[in-house]
Each structure stands twice: as structure tokens, then as C-alpha cells.
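Visitor: Below you'll find the structure I mean.
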Ligand SMILES: *Cc1c(COP(=O)(O)O)cnc(C)c1O
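Numbering (the numbering used here), first residue to last: 198 to 626.
Structure, rendered in C-alpha cells:
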């Protein structure tokens, strides 16, 4: 069997025999858009080449990491150089120190940094660290915020202002989920109520400062500051999950853009320049609670891997030297404007939140402020929009509740093509 010569359809059939659902991460299965996935052969710049010979302008950007597009020559060269010296050492190496120093200099709260292999490991470690440091067990999260597949965090919410979580996944003990309190995003009254009941039991509040896993939801003015003040007053830690927003909305992440300093912060995706990486960082006093200095255990055989560090360091240096965010924002605006214009003409209601390199489309009459309002968006309309775009060479997030990513590699031609296709697709709805 020559895997290199197989079509997407053939590969998917074969994959389903050996991999659950045919994919190694569920959203890739295209179930939310009633489709079957295409398989990618290669990716360069802003484009994916499928095994079926199609070229697609890519607005998923490997779910965030490809801030500089695919196969960026500077990152490729850094990885190539590192590769010549070996792929893993199991001892400290210089690149880990360079990475930690860069993160410290770029992310405001990062007095100290520990590398992991994924965003999930990073948020999981933040939760354990917050519990170990505060000696409290309960944690607060917000409905619709995704923090990786961590047991305590795979808990969303029913309706209602204050829900003790029911797990979203089988296999999570109810006794554990009970320690997770789920609140609606952007609701300061719910936070006050929660803290007045459980204030001295709450280890931390964890959130995506700009939720980006139910579409993009901007925080209301003052919401993040209110959280900061509440946590400080109650002795709970404020944990920002910046696995998406870190290095995507500003060099210093959402905490720099919003001028709100968390105690701990999880990073991932972009920080690896396209290789598997995560990290968590924060106040020295708290970070020194981690082994080998402190009692909270956390480890990783491949953490700080030299190839991943080389790619990540190259990406962060380009960010620091090039400050790409104004240009990214302009490009996102160009796409969003094209969609809004077409939607207006066609009489389609669409909300288009954006922040620098992030944007999303809610087919919704009303502004989306939280999970509940996001869920009122039309998934049927999104499916049609998505399919139409894909058929015409533009790859958007394969779910109404995932966001789109702009990269520095998207050129004028890519953007014009995408804007035309997306506008046409809206008009045909
Ligand atoms: C993707 C994501 C994670 C999990 O990162 P993985 O590398 O997939 O484990 C955590 N938090 C947020 C906000 C994410 O978007």
C-alpha cells in the first residue's frame, strides 16, 4: 500500500480502521460540518496542499501555531540547525534558557517559566500549582472556555448563574468535577455571588482572557479587572489560559493588551513555532512551589525538547523584532469587512468579533457575550458557508464554534481570493 498515492477518501477509510474516528484529535474529523476531512500533503506560506491536488488558502493555521504561515524559512532553518545536533538530550540545554528568558521578557506576568509538551499539560499544571500553593481545592472556570482535555477543566455549564460542573466527557469522576464551579463569562454579578459563598475555598479562577473556543468572545470593559481585584482580595490565584491569545493578539498576550496581570499563565500553540510545545509561567513565589524547589510535582521526558525550543525561539524572536500585530489586524479587518459587506447586501445577520490575528463569524442577530448567546448562532448557516468556501479554495475552521487565524504569510492575492470567495458564499446563502 503506497500511502503517498492515496486520496483523502482512501486515507480516511484506512485511517478509520486503526485510529478512533480516523483522526488523532476529534475536531479534525469535520463532524460539526457534516463532512469528511481532507488530508494535507504539504503546507507552505498561507496555503495547504491536499493529497487530492487542491490548494487551499488556510485560515486555521494549524489551530494557531502558524503565526508566520507554514514552513517559514527562518523557523525551518532554526530547526534544521538544531536537528544536526540531535533530537533530544534528556539534560538541560542552552535553548531552554534562551526560551525562558524570551518568555520572561515578553509576557508581563512571567517571572519564571516551565516548558511542557502541550497546552493541556500547561493548564493542568497551573491548576495543580494553584491548589498546592493556596491549599484550597475548588476552582472556577467559565462556560465555553476550553483549557485542553484536563479532567477538572472538561466541565462546561448548564444554564443558570452558578453551576457545579457536570463533566463533558465520560471518565471524569463526579467527585472531581464537583470541585469545578462554572460561571457565565462576562458576568461580574455571578463572580461576586460565587465568591461570597465559597471565597475562602477557591484556589484559582482560570479563563481564556478572550474566549476563543466558542468563536471569539471579547471581554466586556472592566470584566478582567474585576476578576483581578476579586482574586487578590480573596487570596485566589488568577490564571490566564493564553494558549491561543499569547503571541496572537499582542507580543505580551491578552494580559498586555488589556493591562491585567494574572498570577499564572498557560501558553502553547504559537510558542512552539509549529512543533509540539506548551509552557506555564507566573509569579516567582508561586512558580518556586514546583519540583524540584517545591512540593508540587510536574515533569516531562521531552519537555524543553531542543527542536521545539529552536522553532519556538525563532518564532518569538521574529515577533519581538517585527511586531506583526498591526499588519495582522489590518488583514483580519479586510476579510471581516468583505463578509460584513456581503452579509449586509444579502440581509444575513452575522457577528464578526476580531482581535489582531483572530476572528470568527457568528450567524446571529445579537451580540455574542458568552456561551449561551454563542449557542444561539445558526450552525446550519455556518455549515453552508464553510462548505461553499472549502469548495472554492478557502479553508475556514471546520466548526461554527472555532475561530479563524490570520498569518503573516497571507499575501494580498490570498486575501483578495478569500474575500471574493467568502463574499460570494455569503451571497449564495
Ligand atoms: C488548544 C488549547 C488548549 C490545549 O492545548 P493542546 O496543545 O491542544 O493540549 C488549552 N487552552 C486553550 C485556550 C486552547 O485553545
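Every residue gets a Cβ at the ideal spot worked out from N, C-alpha and C, and that includes glycine. Source: prediction; values computed, not measured.
1. Determine the extent of the alpha helix (DSSP H) in which residue 389 is found, giving its start and end residues.
2. Cutting at 6 Å between CB atoms, please list the residues of its own chain near residue 488, excluding the five before and the five after it.
3. Should residue 429 be labelled buried (16 or more other beta-carbon atoms within 10 Å of its own) or exposed?
4. How do the segment 368-384 and the segment 307-314 stand: do at least 3 beta-carbon pairs fall below 8 Å, yes or no?
5. What is the DSSP secondary structure of residue 567, reduced to helix, strand or coil?
6. Could you tell me which residues DSSP puts in a beta bridge with residue 434?
7. Run through DSSP, which three-state label would residue 491 get?
8. Less than 8 Å between C-beta atoms, sequence neighbours within five positions excluded: which residues of the same chain meet that for residue 355?
9. Write down every uninterrupted run of the beta strand (DSSP E) in the segment 239-297 whose length is 3 residues or greater and which is fully enclosed by it, in chain order.
10. For residue 511, which of 344, 203 and 264 has the nearest alpha-carbon?
11. Going by alpha carbons, who is nearest to residue 415 out of 607, 600 and 624?
12. Does the beta-carbon of residue 467, which I'm using as the reference point, lie nearer than 7 Å to any heavy atom of ligand 1?
13. If you follow the alpha helix (DSSP H) that residue 586 is in, where does it begin and where does it stop?
14. Quick check on the contact list: which residues have their beta carbon closer than 5 Å to a heavy atom of ligand 1?
15. Cβ of residue 503 within 8 Å of Cβ of residue 279?
16. Relative to the C-alpha of residue 374, which candidate in 399, 397 and 336 has its C-alpha closest?
17. Could you give the DSSP three-state label for residue 170: helix, strand or coil?
18. Among the candidates 215, 483 and 388, whose CA atom is the shortest distance from the CA of residue 332?
19. Note the first and the last residue of the continuous beta strand (DSSP E) segment covering residue 479.
20. Can you tell me where the alpha helix (DSSP H) holding residue 505 begins and where it ends?
21. Report the rounded CA-to-CA distance for residue 410 versus residue 350, giving the unit in angstroms.
22. Identify whether residue 311 lies in helix, strand or coil by the three-state DSSP scheme.
23. In the structure shown, what three-state DSSP assignment does residue 606 receive?
24. Examine the Cβ distances between the segment 432-448 and the segment 279-295 and report whether three or more of them are shorter than 8 Å.
25. Beta strand (DSSP E) containing residue 411: first to last residue?
26. Hey, out of 555, 538, 500 and 597, whose CA is closest to residue 522's CA?
Guide: Walking through what the data contain:
1. Residue 389 -> alpha helix (DSSP H) spans 385-395.
2. Contacts found: 494.
3. Classification of residue 429: exposed, given that the 10 Å Cβ count is below 16.
4. Fewer than three Cβ pairs drawn from the segment 368-384 and the segment 307-314 lie within less than 8 Å of each other, which leaves the two stretches out of contact.
5. Note: residue 567 maps to coil in three-state DSSP.
6. Per DSSP, 401.
7. Correct three-state label for residue 491: coil.
8. Confidence at residue 355 is low in this model, with a pLDDT of 38, below 50, so its placement is unreliable and no value can be given for it.
9. You should have 244-247 and 252-255.
10. Checked all of 344, 203 and 264; the closest Cα to residue 511 is 264.
11. Taking only the C-alpha atoms, the option nearest residue 415 is 600.
12. Not under cutoff, so the answer is no.
13. Counted as a single uninterrupted DSSP element, the alpha helix (DSSP H) harbouring residue 586 occupies residues 576-588.
14. Selection output, chain order preserved: 315, 316, 317, 344, 345, 405, 438, 440, 441 and 465.
15. Closer than 8 Å, so yes.
16. It is 336.
17. Only positions 198 to 626 of the chain appear in this structure, which leaves residue 170 out of reach.
18. Comparing Cα positions, the closest option is 483.
19. First-last of the beta strand (DSSP E) with residue 479: 475-479.
20. From DSSP, the alpha helix (DSSP H) with residue 505 extends over 503-519.
21. Each residue's Cα considered, the two are about 13 Å apart.
22. Residue state, collapsed to three classes: strand.
23. Per DSSP, reduced to three states, the secondary structure at residue 606 is coil, with no helix or strand assignment.
24. The segment 279-295 and the segment 432-448 do not touch, with fewer than three beta-carbon pairs separated by less than 8 Å.
25. Neither: residue 411 is in no beta strand (DSSP E) and is coded neither H nor E.
26. It is 555 whose Cα lies nearest to the Cα of residue 522.
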